[in-house]
Every structure is written in structure tokens, then in C-alpha cells.
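Down below is the structure, laid out as C-alpha cells.
This is the structure in C-alpha cells:
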């Protein structure tokens with residue numbers, strides 16, 4: 007079901023028209039009756055004026071995941087921010103501290119949400135707490151797919167933390183679905199902005215075959231913020247100042263994409279078919 011959004015609030019035009027008609031009927035013979043009706047109509051009109059008008063939203067957002075209020079600078083853009091993992095699925099584990107990535111994903115995602123909202127975008131989080139979206143992995147992923155493929159969603163940004171067998175590997179990465187030109191453009195803007203925000207050498211975006219970017223209809227990017235298998239990254243990823251830099255970079259990349267793409271809401275190129 008759609009969510010009702012307040013679209014206007016103010017004096018009701020129909021009530022105003024009723025008051026004008028009643029005032030024109032105030033002849034001497036009907037003055038007492040007309041005055042009484044005028045006062046009654048004025049009270050009713052003011053009551054109606056105080057009542058907000060509503061319209062059904064075109065974007066069906068789950069009641070458990072309400073959309074944030076748009077800032078008004080760039081109306082019409084809705085971005086899904088997906089904190090990876092959650093619940094029993096903690097994701098990658100920090101090599102030294104044992105911290106699971108799920109909580110870090112949520113923290114960075116909420117910072118990204120705040121930054122996008124401040125820039126005027128409407129944001130939907132796939133999850134707003136530590137819980138998964140279903141009792142098992144399959145139902146959790148199905149719920150994420152349903153949220154990110156809602157009508158009206160323009161972009162999907164999935165936030166993760168990385169790990170690798172070589173502990174010397176570090177830094178952010180961004181993945182897009184191979185064959186999706188909008189996805190590649192989005193991922194390129196995000197990784198470049200991330201590297202700039204973190205003062206790291208620029209990297210290229212990488213094609214990948216991950217569920218979120220494979221099953222997303224809108225252009226999407228999967229961001230790996232750093233490597234929990236790397237000691238320095240593991241420490242930085244838990245630092246609030248570094249987390250804010252990550253969010254700032256992701257927000258800057260999304261904004262750069264939307265401001266530079268000829269048609270940022272166009273459907274992505276058809277994705278290749280994969281055997282089950």
C-alpha cells in the first residue's frame with residue numbers, strides 16, 4: 007500500500023467561494039439570517055482551511071521503512087541506501103577486533119542518508135536497525151530486491167565492508183553490474199569521489215556479479231568501504247571521523263552522477279542472462 011504524503015496545507019478555495027456567496031445575500035430583509043449564516047460559514051471555512059489536503063503517494067514504501075522528508079532542492083529523486091547484511095548474517099569479521107561489518111554498514115549508511123537528505127534527495131533505507139529483513143538469507147534478499155525495485159526509485163547504493171586473504175590489501179572499491187552503462191557511470195563517480203575524500207590514489211570501478219547490483223532495476227553501485235582484513239582499515243572503519251569521510255565521498259559521487267548524467271532516471275542497459 008502507498009504511503010500518504012502531505013502535499014499542501016492552507017485556505018480551502020471552495021470554502022472561500024461559499025463565504026463570498028453568503029456575503030452577497032445580506033440584504034436588509036435577510037440581514038439577521040444572513041449574518042448568522044455568514045458566521046456559521048466562516049467558522050466552517052476556517053475549519054476546512056486548517057485541514058490539510060492529502061494525496062496518495064506514487065511510491066509504495068513499506069510502513070516499517072518510511073521515506074525521509076525531501077529537502078526540496080532536487081525534488082523527484084529517490085535513492086535506496088542498502089546497509090549490507092544484518093541479523094544473524096554479520097558479514098565480514100574484523101581480523102583483530104572481531105567486529106562484524108553489518109553494524110558498520112548501518113552506521114555509514116545512516117551517514118549517507120543524512121548527507122543525501124541534506125542535499126535535497128529522498129532516501130529509503132532497506133534496514134534501519136541491526137535486524138535482517140527476513141528469517142533467512144533468501145527472504146532477506148527478496149525483501150531488499152522488492153524495496154530497491156519499487157516504482158519511483160532512481161538509484162541504489164549498497165554499503166559493505168570488504169575482506170581478502172592478503173592483509174596488505176586496503177582501501178575502498180565500487181562495483182557495478184557488467185553491461186549496465188548507467189551503473190558503471192554511477193560506480194565511477196562514487197569511487198573517484200571516495201578516493202578524493204579519503205586522500206587516496208584514484209581507482210577504477212569494477213564490474214561484479216553481486217545480488218544487489220544484478221537484481222536492481224535502477225542504476226546501482228555496491229560500495230566496499232575498506233578491508234576488515236587489513237589492520238589499518240579495520241581501525242579506520244570504526245573511527246567516526248573516517249566514517250563521515252566515507253559518507254561524504256559516497257554522497258559526492260551520487261550527486262556528481264545525477265548532475266552529469268544526461269538522463270539519470272533512464273533504465274539501465276539490459277543485463278546479461280545468467281544460468282541458474
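Residue numbers (the numbering used here): 7 to 282. Each residue gets a CB set at the ideal place from its N, CA and C atoms; glycine is no exception.
Member of the options whose CA lies at the smallest distance from the CA of residue i
i	options	result
residue 155	236, 254, 144 and 221	221
residue 147	184, 229, 133 and 257	133
residue 227	185, 163, 200 and 205	163
residue 83	159, 94, 181 and 176	159
residue 92	136, 104 and 117	136
residue 95	231, 141, 117 and 245	141
residue 180	187, 186 and 193	193
residue 200	191, 231 and 187	231
residue 108	250, 243 and 197	243
Proximity below 9 Å, CB of residue i to CB of residue j
i	j	result
residue 139	residue 115	no
residue 224	residue 161	yes
residue 119	residue 129	yes
residue 111	residue 165	yes
residue 121	residue 203	no
residue 261	residue 217	no
residue 209	residue 173	no
residue 195	residue 263	yes
residue 283	residue 153	Residue 283 lies beyond the range of the chain shown here (7 to 282); nothing can be said about it.
Buried or exposed by the 16-neighbour rule on C-beta atoms within 10 Å, applied to residue i
i	result
residue 169	buried
residue 266	exposed
residue 88	buried
residue 73	Reliability of the predicted coordinates at residue 73 is poor, the pLDDT of 40 falling under 50, and the value obtained from them is presented with this limitation in mind. Residue 73 is buried by the Cβ-count criterion.
residue 124	exposed
residue 247	exposed
residue 90	buried
residue 259	buried
residue 214	buried
residue 185	exposed
residue 187	exposed
Same chain, Cβ closer than 7 Å to residue i, five either side skipped, listed in chain order
i	result
residue 57	With a pLDDT of only 31 at residue 57, under 50, the local geometry of the prediction cannot be trusted, and the value read off the model is given with reservation. Correct list: empty, nothing qualifies.
residue 189	182, 183, 219, 225, 226, 227 and 274
residue 34	Unreliable positioning characterises residue 34 in this predicted model, as indicated by a pLDDT of 47, which lies under 50. The coordinate reading is nonetheless provided below. Excluding sequence neighbours, residue 34 sits near nothing in its chain.
residue 233	168, 169, 170, 175, 176 and 239
residue 103	240
residue 257	118, 121, 122 and 125
residue 250	117
Contacting residues, own chain, Cβ-Cβ under 6 Å from residue i (five flanking each side not counted)
i	result
residue 99	106
residue 236	173 and 176
residue 197	180, 209 and 211
Contacting residues, own chain, Cβ-Cβ under 8 Å from residue i (five flanking each side not counted)
i	result
residue 253	114, 117, 118, 120 and 121
residue 97	90, 91, 106, 107, 108, 111, 166 and 167
Inset, instruction - Run through the stretch 157-215 for me and flag every whole alpha helix (DSSP H) of 4 or more residues, listed as ranges in chain order. - result: You should have 187-203.
Legend entry - Ordered list of alpha helix (DSSP H) runs contained in the stretch 218-251, each at least 4 residues: Listed in chain order, they are 237-242.
Inset, instruction - Note down, one range per segment and in chain order, each alpha helix (DSSP H) of at least 4 residues found wholly within the stretch 92-169. - result: You should have 107-124 and 143-154.
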